[in-house]
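Data first, discussion second: the structure below is written as structure tokens.
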Amino acid sequence: MALANVGGREENTQRAAAALERLLLPGTPEDIRANYQSLAERAQTHGFDLLEEDIVVLDTETTGLSFKDCELIEISAARLSGREAVERFETFVDPGRPIPTEIQRLTGIRDVDVAGAPSPEEAVRDLANFVGGSPVLAHNATFDRTFIEGVRGGAEVSDTWIDTLALSRIALPRLSSHRLSDMAEAFGCDSVTHRAGDDVDALCGMWRIILLGLSDLPAGLLGKLSDMHPEVEWPFRPVIAHLAAESGPEPFSLKALRHGLVSREEAHPRADAAESDEALVAPAPEVIRDEFTADGVVGRMYENYETRPEQVSMALEVRDALATSTHRTIEAGTGVGKSIAYLLPEVLFAQRNNVTVGIATKTNALTDQLVSHELPALARALPKGLSFHSLKGYEHYPCLHRLDRAAVEDLPLELARNDGRSDNAIAGDMLTAIAVTYAYACQSPDGDLDALGIRWRYVPRQMLTTTPNECLRTRCPYFPNECLVHGARRRAASGDVVVTNHSLLLRNVAAEGKILPPIRHWVIDEAHSFEGEARRQWAHEVSGDAARAAFELLGGTKSGALHTVMTSVSASKLEGATLVQGLLTKAAASVSRAAVSTADLFMAVHELGPLARGDGGYDMVTLWIDEKVRETSQWGAVAEAGSAAVAHLDEAAKHLDEAEEKLAEVAPQLAADLTESGRFVTELLESLRLILGGEDQTYVYSAELYRSKRRIGAEKLLAEKLDVGADLAQNWLPEMKSVVFTSATMAVRDDFSHFDHAVGLDRLPASMHKDVRLDSSFDYDSSMSVIVTKDMPVPNDSNYLDSLIELLYNVHRAMDGSVLTLFTNRRDMERVYAELGPRLTKAGLALVCQERGSSPRRLRQQFLAEKRTSLLALRSFWEGFDATGDTLRCVVIPKLPFASPNDPIVRERDLREDRAWWRYSLPEAVISVKQAAGRLIRTSSDCGVLVLADSRVVQKRYGRAFTGSLPSKSVTTLETANVGRYIEMWRSSHER
150 MALANVGGRE ENTQRAAAAL ERLLLPGTPE DIRANYQSLA ERAQTHGFDL
200 LEEDIVVLDT ETTGLSFKDC ELIEISAARL SGREAVERFE TFVDPGRPIP
250 TEIQRLTGIR DVDVAGAPSP EEAVRDLANF VGGSPVLAHN ATFDRTFIEG
300 VRGGAEVSDT WIDTLALSRI ALPRLSSHRL SDMAEAFGCD SVTHRAGDDV
350 DALCGMWRII LLGLSDLPAG LLGKLSDMHP EVEWPFRPVI AHLAAESGPE
400 PFSLKALRHG LVSREEAHPR ADAAESDEAL VAPAPEVIRD EFTADGVVGR
450 MYENYETRPE QVSMALEVRD ALATSTHRTI EAGTGVGKSI AYLLPEVLFA
500 QRNNVTVGIA TKTNALTDQL VSHELPALAR ALPKGLSFHS LKGYEHYPCL
550 HRLDRAAVED LPLELARNDG RSDNAIAGDM LTAIAVTYAY ACQSPDGDLD
600 ALGIRWRYVP RQMLTTTPNE CLRTRCPYFP NECLVHGARR RAASGDVVVT
650 NHSLLLRNVA AEGKILPPIR HWVIDEAHSF EGEARRQWAH EVSGDAARAA
700 FELLGGTKSG ALHTVMTSVS ASKLEGATLV QGLLTKAAAS VSRAAVSTAD
750 LFMAVHELGP LARGDGGYDM VTLWIDEKVR ETSQWGAVAE AGSAAVAHLD
800 EAAKHLDEAE EKLAEVAPQL AADLTESGRF VTELLESLRL ILGGEDQTYV
850 YSAELYRSKR RIGAEKLLAE KLDVGADLAQ NWLPEMKSVV FTSATMAVRD
900 DFSHFDHAVG LDRLPASMHK DVRLDSSFDY DSSMSVIVTK DMPVPNDSNY
950 LDSLIELLYN VHRAMDGSVL TLFTNRRDME RVYAELGPRL TKAGLALVCQ
1000 ERGSSPRRLR QQFLAEKRTS LLALRSFWEG FDATGDTLRC VVIPKLPFAS
1050 PNDPIVRERD LREDRAWWRY SLPEAVISVK QAAGRLIRTS SDCGVLVLAD
1100 SRVVQKRYGR AFTGSLPSKS VTTLETANVG RYIEMWRSSH ER
């Protein structure tokens, strides 16, 4: 029996070790990894005295997640002494209503269990007696505390709640997940179920692990964290201060720590392919073909691999582009396997020539798929492995200089979202973000902020991140080696593959290659979005809110960065301090004048509203600023206010430069801080000069205006590039050796001319690029049916919405749910939802809507979790939304997604070109419909119905462009009255 127990313990230890290995982030330094691996063993003997005495661990179960609509059904608590629970509290709670079926399945708690249990008031009163005001530990404490304190008497339970979820992120920053169940498994604590008592047991075990993790942080860091911003009542301060006191005062230098971390790594940048003296050699075609067999590299990546002709054809086209230093446009239908089709030839090329190749995607989902799945699998299958790096925008990485400033300067509470929470609560979130980032930076040679669990709703990103324009570079104490941004770029330059997103690549183009490594061979995946992203990234945008926030951060004599610098100069008794203070005071006065005149400008901008055509949203309209607008009295007022703003901004920029120059002579770091905070003044000045002047004909000028004066701050002035392709053809493509643009939706029928124009390929010699269209590997004709309604009223008909509601009711009934309806405007969607929702509810079908303020991510999760639920949605669901199997079986497009005729880009094109609608608006709408149709069939076993409920597909000659571009040729034209019956027949023959 003893041997069996020993064997069981060893098995549990091994299982925990394997779980921890999965949980540790890739690239964790070996000494940090060893510390994490020893935590469970050290927890057996190491105690923490007061931090483990008379502490109550608590968890609750509820009927759902909504604080407003859900109730408690179970409360469990335990009083800790050391690592043992010496006293327990357990009770069911009668919610006064049936427990939802999904909650019963999740928790195992049934209606019969809570029948006759204490009411919420009785249960919480008993809990308060048990806790007796002791500190309470809870994982995601906000959830439990809100439910407890939502009951009368709940505020009496305790004044001190410690959120172990947030604290574990500080203590154990190298874990990829801080869910209680994941950590409990990794550190051998009690396993977690969806019962409150089991969660309490797990947290009792994890508490000492968390304390040990905090103790392992640099002692000087603990002291720094416990001392920062003493004016804030931060719930973690007592715990961190106690641990800091135990280790005694020690100095802390993040720069020194990071130097030790990154100096262990060796990075050898690859050659710039443009500077190579030798001809670059691509793998031979027969090598590519061999690798796409069962015995080749791709065959080793996947079990039961079968060669797909379309995938091999695409890989060969990529190989040919590399071999000939030319470009490709490749439309590869769903199921081709395009990621591996371009990755393998690109990687073989990179390794053979010792260069770096780049992959740029639009969505984080595809980036994560490449970095977490395809590239690691390819690395395992290649004989020599594979090195790859992911690069994101500056806003994804901690700026360590700003982190240091955030720990000592005034917290930017004015920039945080104000939704009724107290300033202290928001400040506490900011301190937690600072602490998590410091802990992560002390243990991570590289990495970004995305997985740190920071509550960005209350933590302004600019507190912890910088931008390419604001980065201090050589004036920053962390540049270049200890910096997470520039360190990531340096490491990426030594790898085979860099994966980034469209936005960062396009910013790099604008920055003349100063952001990314010098990569000359690119694959642009999801390329149908590249033009639109370029227009966004290269736009000049000025908003009242952004300007106000920047001025507040810069501040003046009494607040902000200027105040901090002036105080430091005064306290330091620097040589020449009097002169510097005088220059800073003059700069502060000019900044104040610039802030006022900029605010006055946006008051004048608001008065442009009546000039805009009234077909915008409920609150916002867009005004195309053409010559006619510039001749109006309203624009005259804008020009006058703008002239004053430009003059004051110019004055402020000059005075700031004078102060920074003199300050740099005596206090370089203070000067750098001021430069960082004041750089926006020059950027704002340049953008206003461009927009107010309106002379650069490569831009389209517009304003986003709100009907209510309360939204003046949100109004914007914009300058957007009209012809993105021209800039790409002039400034980027000539510097590239090979660019492969690929997507499942690029061509209109077999015509790529619209796409080639959008990205500038049509400006190059014809021999420099080639268009390739590859059909899907799936049998769309049998798996997807397209229905076109021929008698629907046109969208501007007064009977249109009534007819649409009736059609949608029949479609939902016939499909028995699982329908996604994609709208082009909110007004139509909300009216349909108001009338259709109640009718479907009576029929036993659930319908949700992308209502104003709702989270698209939560809507996606809800739609995917509940098989028969249907969804009415807007633009964010037209692409990038994958729902395989029965979750999504029907997509309805009520109206063809043509761009608004009042869109400034559309109007500018109409002004400058004949037949602009046919050249731009029509193909853009076709691509959007192809994207929407792509939501239906994601795997070879999927099947579904696409309903085009716009009779213009039949009645207008351009309708054939839509049906002829869809992957399925199974197109049926029906009267609306017959659609429901047709769907029932189709389901009976296709669904098992």
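Sequential numbering from 150 applies to the sequence shown in my numbering. Even glycine gets a Cβ: it sits at the ideal position worked out from N, Cα and C.
Discussion item. Beta-carbon within less than 6 Å of A555's beta-carbon, same chain only, minus the 5 sequence neighbours each way: which residues are those?
Written reply: I583, M612
Discussion item. For a test of the three-state rule: what should DSSP assign to D208, helix, strand or coil?
Written reply: strand
*What separation, rounded to the nearest whole angstrom, lies between the Cα atoms of P987 and C1039?*
20 Å
Check your understanding: What is the DSSP secondary structure of S892, counted as helix, strand or coil?
Key -> strand
inquiry  = Are the CB atoms of P267 and T240 within a distance shorter than 7 Å?
reply    = yes
(message) Spatial neighbours of L366 within its chain, please: C-beta separation below 7 Å, excluding the five flanking residues on both sides.
(response) A588, C591
Using a Cβ-Cβ cutoff of less than 7 Å, which residues in the same chain neighbour L515 once the five nearest sequence positions on both sides are dropped? D674, E675
For this session: Return helix, strand or coil for C130, following the three-state DSSP convention.
Result: Because the chain here runs from 150 to 1141, residue 130 falls outside it and cannot be looked at.
Beta-bridge partners of Y855, as assigned by DSSP: M769
Is R980 a contact residue of the ligand GDP, with contact defined as CB to any heavy atom under 6 Å?
Of ligands this structure carries none, so the ligand GDP is not represented either.
**Request:** Indicate the three-state DSSP secondary structure (helix, strand or coil) for C591 in the structure shown.
**Result:** helix
Among S1070, E415, T614, V889, the one whose alpha carbon lies nearest that of A472
V889
Measuring alpha carbon to alpha carbon, tell me which residue in P817, S746, G843 is nearest E780.
G843
What does DSSP give as the partner residues of F385 in its beta bridges? F385 is not bridged to any residue.
With DSSP collapsed to three states, give me the class of I508.
-> strand
Applying the 10 Å Cβ sphere with the 16-neighbour rule, what's the burial state of Y850? buried
Where do the ends of the beta strand (DSSP E) carrying R237 lie? 233–241
(request) Measure the C-alpha to C-alpha separation of M150 and D350 and round it to an integer number of angstroms. (result) The predicted position of M150 is uncertain, since its pLDDT is 44 and thus under 50; a value taken from the coordinates is nonetheless stated next. Roughly 26 Å between the two C-alpha positions.
### Query
Can you list the alpha helix (DSSP H) stretches of 4 or more residues lying completely in the segment 377–460, in chain order?
386–396, 403–411, 434–440, 446–450
- prompt: Over what stretch of residues does the alpha helix (DSSP H) that includes D799 continue unbroken?
  reply: 782–815
Ordered along the chain, which non-local residues of its own chain (more than five positions away) have a Cβ less than 8 Å from that of H408?
N630, E631
Task: Cβ-based burial, P249 [other Cβ within 10 Å; buried from 16] - done: exposed
*May I have the straight-line CA-CA distance separating S652 from Y848, to the nearest angstrom?*
19 Å
| task | Rank D799, M752, F904, A660 by C-alpha distance to the C-alpha of G681 and give the top, closest one. | result | F904
Quiz item: Taking contact to mean at least 3 C-beta pairs separated by less than 8 Å, is the segment 560–569 in contact with the segment 683–702?
Solution: yes
A637 beta carbon less than 7 Å from that of P666
no
Exposure label - Y185; buried when at least 16 CB within 10 Å
buried
Quiz item: How should G231 be labelled, buried or exposed, when 16 other C-beta atoms within 10 angstroms of its C-beta is the threshold for buried?
Solution: exposed
Just to confirm, is the Cβ distance from A422 to K886 under 7 Å? yes
#### Entry: Y848, DSSP secondary structure in three states
strand
Where D308 sits in the DSSP three-state scheme: coil
Any 3 or more C-beta pairs closer than 8 Å across the segment 683–693 and the segment 859–872: yes
For this session: Assess, as a yes-or-no matter, whether the segment 731–747 is touched by the segment 804–824 under the definition of 3 or more beta carbon pairs within less than 8 Å.
Result: yes
**Report entry** Cβ-Cβ separation, A753 to A790 (assumed contact under 8 Å), whole Å
**Finding:** 4 Å
Problem - Per DSSP, cross-strand counterpart(s) of H918 - result: H476
Item to complete: Taking all protein chains shown into account, decide if H417 is buried (16 or more other Cβ within 10 angstroms of its Cβ) or exposed.
Response: exposed
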